[in-house]
Amino acid sequence: MSTLEQEIERRIAREVEAWQKQVTGKGEPLKIDEGWLQTPEGLRMPFRVLKNAGIPPREIDLFHQRAQLKANIEAEQDSATRKQLQQKLSELEQQIAFRLEKLRQLGKG
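Using UniProt numbering, read the sequence shown as starting at 1 and increasing by one per residue.
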């Protein structure tokens, strides 16, 4: 084996060792919280992967949109605009309900 190959192997080994020191939770059991238990079993690992990647499920964004719409409805003075916002809220809540039901079905399958 050439000295170049040996140097490459040493650098790779050093980088792997440094990376392993930075890995959080290595060798520890998963922390189980209330959300984990409420998530359908078939969706727990996909959601865990998304969470570890820093990507929230789409439903979280929808919940934030719903909260914002509710706040806008409360603050709105014009009744016509209020009615439009309430219609949007109703549609959004239907979308959320549909997505949650679909997730329940996927989690059972």
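Glycine residues also receive a C-beta, built at the ideal position from the N, C-alpha and C atoms.
Tell me whether the beta-carbon of L69 lies closer than 8 Å to the beta-carbon of L89.
yes
Span separating the alpha-carbon of I73 from that of E41:
Distance from the CA atom of I73 to the CA atom of E41, rounded to whole angstroms, is 37 Å.
Assumed close pair L106, E59 - CB separation to whole angstroms, cut-off 8 Å:
Not quite, the Cβ-Cβ distance comes to about 12 Å (not below 8 Å), so this is no contact.
Among the candidates A71, G54, F63 and S79, whose CA atom is the shortest distance from the CA of I96?
Residue F63 is the option with its Cα nearest to I96.
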